[in-house]
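Novice: In the working numbering, the protein residues as written are 14 to 324. Each residue gets a CB set at the ideal place from its N, CA and C atoms; glycine is no exception. Remember, it's a predicted structure, so these values are computed and weren't measured experimentally.
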């Protein structure tokens with residue numbers, strides 16, 4: 014999570030109350046949770062389903078980058094930027110692929126396992142020992158993952174299985190984003206976020222051009238809204254809220270996102286997650302809740318960064 018003084022100056026901290034700051038973060042989380050609303054629409058049924066997630070990823074990050082680039086300050090190169098943009102691009106592609114091929118619930122809850130992949134990476138890469146308080150949240154989260162994978166890989170069709178595996182990969186990639194942002198926490202957050210979106214769009218551009226599917230005016234408006242409403246505006250709201258409230262409180266508010274995401278997909282598009290997804294997702298959310306409530310607030314790696322979860 015970036016330091017408060019790294020955020021873009023949108024509102025002066027003195028002019029913002031804690032209540033208003035919390036509302037900004039809640040607004041960011043609610044907008045982030047709308048990814049299922051955008052990806053589950055039937056307006057893109059003419060696009061090949063196996064590539065639709067990647068195509069969504071290109072247009073979404075392109076629109077968000079156009080909005081965020083003017084806010085960039087303090088540009089400088091550091092080697093850690095390379096694994097950061099690779100992780101973010103991978104998260105962008107795999108999460109939206111999971112959204113398209115599987116249910117919104119599977120996609121968002123599997124991606125939400127990122128903090129636990131961070132714990133593993135800290136254990137094996139940085140030799141940071143696991144604390145006793147980490148074990149129960151860890152077991153709860155991975156019990157949920159095991160439950161979802163066991164049923165999805167044995168009871169669903171191939172495309173849905175690929176979607177679930179993409180969702181699991183998105184959590185690992187998101188974990189990579191968190192770890193690299195931890196190493197880059199002294200850098201300007203607007204620069205990091207804009208770079209991630211721009212690089213993701215550049216990486217996906219050759220694929221989109223080669224496929225030859227171009228959006229109609231209505232589809233283009235939908236995609237622009239996807240990038241601006243679901244990605245860019247939430248980032249601006251988050252950086253505003255972070256000026257006043259601490260990052261661990263932001264992380265707790267962020268737990269609303271994996272709850273709201275499948276709700277929008279159900280209310281708008283009628284998508285119903287399977288019982289094992291609900292049970293597994295409950296375990297994952299329980300693990301996250303235990304981690305953020307009882308796991309301490311000082312570990313940067315476990316705090317939600319100012320980057321959309323790909324969500």
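Rank 117, 53, 162 and 184 by C-alpha distance to the C-alpha of residue 133 and give the top, closest one.
Specialist: Here residue 133 is taken as the residue at index 120 of the chain shown, counted from 1. Taking only the C-alpha atoms, the option nearest residue 133 is 184.
Novice: Does the beta-carbon of residue 166 have 16 or more other beta-carbons within 10 angstroms, so that it is buried, or is it exposed?
Specialist: The residue given as residue 166 occupies position 153 in the chain shown. By the 10 Å Cβ count, residue 166 comes out exposed.
Novice: Excluding five sequence neighbours on each side, which residues of the same chain lie with their C-beta closer than 6 Å to the C-beta of residue 106?
Specialist: To locate residue 106, count along the chain shown from 1; it is residue 93. If we look at residue 106 and ignore the five residues flanking it on each side, its Cβ neighbours are 67 and 70.
Novice: Please report the straight-line C-alpha distance between residue 227 and residue 153, rounded to a whole angstrom.
Specialist: Locating residue 227 in the chain shown gives position 214, where the first residue counts as 1. Locating residue 153 in the chain shown gives position 140, where the first residue counts as 1. When rounded, the distance between both Cα atoms is 43 Å.
Novice: Tell me whether the stretch 93 to 109 and the stretch 142 to 161 touch, counting them as touching only if at least three CB pairs, one residue from each stretch, are closer than 8 Å.
Specialist: No: the two stretches stay apart, fewer than three of their Cβ pairs being nearer than 8 Å.
Novice: Exposed or buried, what is residue 31 when buried is set at 16 or more other beta-carbons lying within 10 Å of its beta-carbon?
Specialist: Start at 1 with the first residue of the chain shown, and residue 31 comes out as number 18. The residue in question, residue 31, is exposed, as its Cβ has fewer than 16 Cβ neighbours within 10 Å.
Novice: Using the Cα positions of residue 62 and residue 49, report the straight-line distance between them to the nearest angstrom.
Specialist: Taking the first residue of the chain shown as 1, we reach residue 62 at position 49. Taking the first residue of the chain shown as 1, we reach residue 49 at position 36. Cα to Cα, the separation comes out at about 15 Å.
Novice: Below 8 Å on the Cβ atoms is my guess for residue 224 versus residue 72; work out the distance and round it to an integer in Å.
Specialist: By one-based count along the chain shown, residue 224 stands at place 211. By one-based count along the chain shown, residue 72 stands at place 59. The pair is not a contact, with the Cβ atoms about 12 Å apart (cut-off 8 Å).
Novice: Identify whether residue 180 lies in helix, strand or coil by the three-state DSSP scheme.
Specialist: Against the chain shown, residue 180 aligns to sequence position 167. Correct three-state label for residue 180: helix.
Novice: Residue 127 and residue 286: beta carbons closer than 8 Å?
Specialist: Taking the chain shown and counting its residues from 1, the one referred to as residue 127 is at position 114. Taking the chain shown and counting its residues from 1, the one referred to as residue 286 is at position 273. It is not a contact, given that the beta carbons lie outside the stated cut-off.
Novice: Considering only residues of the same chain and omitting the five flanking positions on each side of residue 46, which have a CB-CB separation below 6 Å?
Specialist: Walking along the chain shown from the start, residue 46 turns up at place 33. For residue 46, where only same-chain residues beyond five positions count, the Cβ hits under 6 Å are 270, 273 and 274.
Novice: Can you give me the C-alpha to C-alpha distance between residue 318 and residue 170, rounded to a whole angstrom?
Specialist: Position 305 of the chain shown, counting from 1, holds the residue named residue 318. Position 157 of the chain shown, counting from 1, holds the residue named residue 170. Summary for residue 318: the model assigns pLDDT 46, below 50, so the residue's position carries little reliability, and this model does not support an answer.
Novice: Please report the Cβ distance between residue 201 and residue 35, rounded to the nearest whole angstrom; I am assuming they are in contact, meaning their Cβ atoms lie under 8 Å.
Specialist: The sequence position of residue 201 within the chain shown is 188, counting from 1. The sequence position of residue 35 within the chain shown is 22, counting from 1. Residue 201 to residue 35, Cβ: 24 Å. No contact.
Novice: Cα separation between residue 283 and residue 120?
Specialist: The residue labelled residue 283 in the question sits at position 270 within the chain shown. The residue labelled residue 120 in the question sits at position 107 within the chain shown. For residue 283 and residue 120, the distance between alpha carbons rounds to 16 Å.
Novice: Taking the alpha carbon of residue 180 as the point to measure from, which residue in 195, 122, 145 and 29 has its own alpha carbon closest?
Specialist: The count along the chain shown starts at 1 and reaches residue 180 at position 167. The shortest C-alpha separation from residue 180 is found at 122.
Novice: Output the residue ranges of the alpha helix (DSSP H) runs that lie fully inside the stretch 30 to 70 and measure 4 residues or longer, sorted by chain position.
Specialist: Runs found: 31 to 45 and 48 to 52.
Novice: Spatial neighbours of residue 247 within its chain, please: CB distance less than 8 Å, with the 5 preceding and 5 following residues excluded, ordered by chain position.
Specialist: Residue mapping note: residue 247 aligns to position 234 of the chain shown, counting from 1. 40, 41, 42, 44, 45 and 321, listed in sequence order.
Novice: Once the 5 residues before and after residue 93 are set aside, which same chain residues still bring their CB inside 6 Å of it?
Specialist: Taking the first residue of the chain shown as position 1, residue 93 is located at position 80. 193, 196 and 197.
Novice: Hey, residue 38 and residue 263: beta-carbon distance below 8 Å or not?
Specialist: Mapped onto the chain shown, residue 38 falls at position 25. Mapped onto the chain shown, residue 263 falls at position 250. Yes. Within cutoff.
Novice: Inspect the beta-carbon positions of residue 111 and residue 176 and report whether they are closer than 8 Å.
Specialist: Residue mapping note: residue 111 aligns to position 98 of the chain shown, counting from 1. Residue mapping note: residue 176 aligns to position 163 of the chain shown, counting from 1. Going by C-beta atoms, residue 111 is nearer than 8 Å to residue 176.
Novice: Cβ of residue 148 within 8 Å of Cβ of residue 124?
Specialist: Here the question's residue 148 lines up with position 135 in the chain shown. Here the question's residue 124 lines up with position 111 in the chain shown. The answer is no: Cβ separation not under 8 Å.
Novice: Which residue comes first and which comes last in the alpha helix (DSSP H) that contains residue 152?
Specialist: In the chain shown, counting from the first residue as 1, residue 152 sits at position 139. Looking at the DSSP string, the run of the alpha helix (DSSP H) that includes residue 152 is 145 to 168.
Novice: Is the CB-CB distance between residue 203 and residue 280 below 8 Å?
Specialist: For the purposes of this step, residue 203 is identified with residue 190 of the chain shown, where counting begins at 1. For the purposes of this step, residue 280 is identified with residue 267 of the chain shown, where counting begins at 1. Not a contact, by the Cβ cut-off of 8 Å.
Novice: Taking the straight line between their C-alpha atoms, what separation do you get for residue 145 and residue 266?
Specialist: Looking up residue 145 in the chain shown gives position 132. Looking up residue 266 in the chain shown gives position 253. Their backbone Cα atoms lie some 24 Å apart in a straight line.
Novice: Grab the span of the alpha helix (DSSP H) containing residue 274 for me, first residue to last.
Specialist: Along the chain shown, one-based indexing puts residue 274 at 261. Residue 274 -> alpha helix (DSSP H) spans 269 to 282.
Novice: Alpha carbon to alpha carbon, what distance is there between residue 174 and residue 113?
Specialist: Position 100 of the chain shown, counting from 1, holds the residue named residue 113. Position 161 of the chain shown, counting from 1, holds the residue named residue 174. About 12 Å.
Novice: So, residue 78 versus residue 252, is the Cβ gap smaller than 8 Å?
Specialist: For this step, residue 78 is matched to residue 65 along the chain shown. For this step, residue 252 is matched to residue 239 along the chain shown. Taking 8 Å as the Cβ cut-off, residue 78 and residue 252 do not qualify as a contacting pair.
Novice: What separation, rounded to the nearest whole angstrom, lies between the Cα atoms of residue 254 and residue 277?
Specialist: For the purposes of this step, residue 254 is taken as the residue at position 241 of the chain shown. For the purposes of this step, residue 277 is taken as the residue at position 264 of the chain shown. Residue 254 and residue 277: Cα-Cα distance of roughly 24 Å.
Novice: Give the secondary structure of residue 93 by DSSP, where H, G and I count as helix, E and B as strand, and everything else as coil.
Specialist: One-based indexing of the chain shown puts residue 93 at position 80. Looking at residue 93 - three-state DSSP - the assignment turns out to be coil, as it is neither helix nor strand.
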